[in-house]
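Quick note on numbering: the sequence shown equals residues 191 to 902 in the numbering used here.
Glycine included, each C-beta is placed from N, C-alpha and C at the ideal position.
Read the structure below first, then the notes.
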Amino acid sequence: MTSVQKNLLVELFVEELPPKALKKLGDAFAGVLRDQLVAQGLAEPASVLTAYASPRRLAAHLTHVAERAADKAVSQKLMPVAVGLDASGQPTPALLKRLAALGADASAVPGLKRAMDGKAEALFYESTAKGATLAEGLQKALAEAIAKLPIPKVMSYQLESGCELPGWSSVSFVRPAHGLVALHGNAVVPVEALGLKAGRETHGHRFEAAVDPVVLRDANSYALQMQDEGAVIASFEARRTEIARQLAAAAVRVGGAAVPIHDDALLDEVTALVERPNVLVCSFEREFLEVPQECLILTMKANQKYFPLLDASNRLTNKFLVVSNISPEDASAVVGGNERVVRPRLADAKFFFDQDRKKSLASRVESLGKVVYHNKLGTQGERVERVMRIARGIAEKLGGAALIAHAVQAAQLAKADLVTDMVGEFPELQGTMGRYYALHDGLSAEVADAIEDHYKPRFAGDELPRNSVGLVVALADKLETLVGMFGIGNLPTGDRDPFALRRHALGVIRMLIEKDLPLKLDALLQDAAAQFKDIDGFDTGKATAELQDFILDRLAGSLREQGASAQEVDAVLAPRPQRLGEVPKLLAAVRAFAALPAAAALAAANKRIGNILKKAPEADAHVSELLLKEPAEKALHAAMAEVVPAANAQFDAGDYTASLQTLAALREPVDAFFDGVMVNAEQADLRLNRLGLLMSLHAAMNRVAQLERLAA
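Below is the structure:
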């Protein structure tokens, strides 16, 4: 008999959930419920899941859920036939005991199935397991969903009723739970969780619900009843979409081509703070616009969760949008309240800005000597000195006196804004405020931009510094961090990277490659490591060789993410190229070579040559034409004399693709050589001459990349 299928709704009504975790909590709660019900055969893999999450509820709606799962045929291995049956075929006591544990007796023995299990024949007991009822299955699924919630911080609280010791029995959850709904169609499913028994009653908006409690008619009416009777948009995505719509509409009402600032994280957080959004337009005094807009935007977003409005030129206006959780007929009190709240924040920002400009950045550098950077690496002041010296060395390689002077000045001042009031209040503005203060001090735009840009790239996809001075200081700053941390053994682990060394390594890689800087990685690391010579316990080996491995490993991962195969990346990076700016051209050459018909054979031959040479340490690249005896070795030598100089010329000109394609012409003479020539000849001079020929060939073929890495 087929079990009746209906739609299922489960809701946990709780106190206000942590907003930054709400979406993740809602998706996890609904997802685990669905997975558990599908695993138990109570829901279909194609059942449609709808997750709901608002500040005071987590809920899930699932289609096509059965009242009872279908019965299942179960085959259980009992024991080997030799153990379960005696010589006359009668059941042994061990078999009877095992059957009894399964609720069967000796009458089941004739029906036992025999089948091979490995090398021995075994006995299997076949039975039918009754499918779980929805009440049983949902109880298990609900417990699993609660246990697996990615809760940032668990609360323990006491139950007042429905428990063994009211006022003393406690449970743990993300927030105290006050209601549980479980409806299969229009019927309540008798399950319990967190000291609560399931029913059909829930609660809507704290202040604007039309009725309280909201009595749900059935699973399918949940979203509509919550909106109409409870004044709650239960769906996180629907609420987010409605907020975005209202923000855009409010901006249009303001006029002047105003647009709300785009910030997905802020939109998600605000969506998690309201159940019935109502966007209102507020304003502040224009005098505050004299403060850098980054400061005002940050304080409005971070502290108040407001959406600043920008004009057509992307400049901040004195209008901002508030997403309220209430919709009074007269919203003036709400607007006025938010304007009063934001004013002191903006006044603080203006005060900090005015106070900070009373001292120059240069006058603040001395204070960095009192700020600890790392207990083994000294103060920020000492760090600045190292960055200055590293920046000077890089600038000397890249430009003239002007670049050197600007780079050293920018490196000296880059961290000075860390001791300003504004950055003390808003650490996110480090660098940004340094630029403003540098311009106020009359410094050049190049230096001011470099002070802001030396933190770039801050994240994947971030832009690089906008000028050469910023590029030099950014490179020096990241190298100082990487070399310093590796030198003292402060390395990232699988799940911890507190100094963002992986991000810094990718930043160095991007600058070297995307700007095609004529700098060698090993020289950069050695020059940077030399600045730490006075640090006790500093390990230069870790700071150079081990760090170089780390950077090349980051580069390998980045290239694979961009679509290169593991073999291609391995071929290019195995020779440990030092000019990272050349890597994209090397990789393009290898990819073009790999597409040639001769590529596979040459890669395999190259691998074979490498293996031969590893066993012949006495060989050198000298070849005597007088000792070339076999036609195949003469032909290979002649072909190399024609092809290798041309390939080398192309390599020296930077045309790596053409160089490899030229070498592809050696495929036939190489194949013929291995078919017709015994490399390890008994005559020593012949053997060494042939090894020398192979050594010359191997060196020529591996200038661009280790082609043997392409061999399957």
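In this structure, the straight-line span from the alpha carbon of H254 to that of T683 is close to 45 Å. In this structure, DSSP gives V512 an extended state, which the three-state scheme calls strand. The alpha-carbon of K732 is positioned some 29 Å away from that of I641.
With a cut-off of 8 Å on Cβ pairs, the segment 540 to 560 is in contact with the segment 603 to 614, counting three or more such pairs. Annotation: the continuous beta strand (DSSP E) that includes Q266 extends over K262 to P270. A residue is called buried when at least 16 other Cβ atoms come within 10 angstroms of its Cβ; D546 meets this threshold and is buried. For G369, the enclosing beta strand (DSSP E) has its first and last residue at A367 to H374.
Using a Cβ distance threshold of 9 Å, L292 and L302 do not count as a contacting pair. Looking only at A552, V471 and K549, the smallest Cα-Cα distance to E529 is reached by V471.
The shortest C-alpha to C-alpha distance from P208 to any of K343, G369 and P835 is the one to K343.
The segment 642 to 724 contains, as complete alpha helix (DSSP H) runs of 4+ residues, the segments 658 to 677, 691 to 704 and 711 to 719 (chain order). When DSSP states are grouped into helix, strand and coil, L499 belongs to the strand group. DSSP places E334 within a helical segment (H, G or I) once states are collapsed to three. In this structure, DSSP gives G527 a helical state, which the three-state scheme calls helix. Between A233 and L198, the C-beta spacing is below 9 Å.
In the three-state DSSP reduction, K196 falls in the strand class (E or B). According to DSSP, residue pairing for F203 in a beta bridge involves R247 and G369.
The three-state reading of DSSP puts P342 in coil, since its state is none of H, G, I, E or B. Under the three-state reduction of DSSP, V228 is assigned to helix.
Proximity of the segment 834 to 850 to the segment 779 to 786 meets the contact definition, three or more beta-carbon pairs being nearer than 8 Å. In terms of CA proximity to K668, L691 leads the group F649, L691, A650 and T507. Scanning its chain for C-beta atoms nearer than 8 Å, with the 5 sequence neighbours on each side dropped, one finds around Y496 the residues C472, M490, F510, L511, V512, N528 and V532, in chain order. Cβ contact annotation for A310 (same chain, cutoff 6 Å, sequence separation greater than five): P270, in chain order. Relative to the Cα of K548, the nearest Cα in the group Q716, D743, K210 and D607 belongs to D607. Short of 6 Å from the beta carbon of R880, and not among the five residues preceding or following it, lie these beta carbons of its own chain, in chain order: V869. Every unbroken stretch of the alpha helix (DSSP H) spanning 4 or more residues and falling wholly within the segment 531 to 596 is given here in chain order: 551 to 554 and 570 to 588. A direct Cα-Cα distance of roughly 7 Å separates R224 from L239. Within the DSSP bridge table, the entry for Y242 names A249 as partners. The bridge partners DSSP lists for V361 are Y347. The beta carbons of R247 and V204 sit about 7 Å from each other, so the pair counts as a contact at 8 Å. Around the CB of N892, 16 or more other CB atoms lie within 10 Å, so the residue is classed as buried. Around L486, the same chain offers F478, L479, P498, L506, L536 and A539 as residues with beta carbons nearer than 8 Å, after the five sequence neighbours per side are excluded.
For N879, the secondary structure class from DSSP, reduced to helix, strand or coil, is helix. Within the DSSP secondary-structure output, M623 pairs in no beta bridge. A buried status is given to F676, since no fewer than 16 other beta-carbon atoms sit within 10 Å of its beta-carbon. Put simply, of Q329, D418 and L817 the residue whose alpha carbon is nearest the alpha carbon of Q873 is L817.
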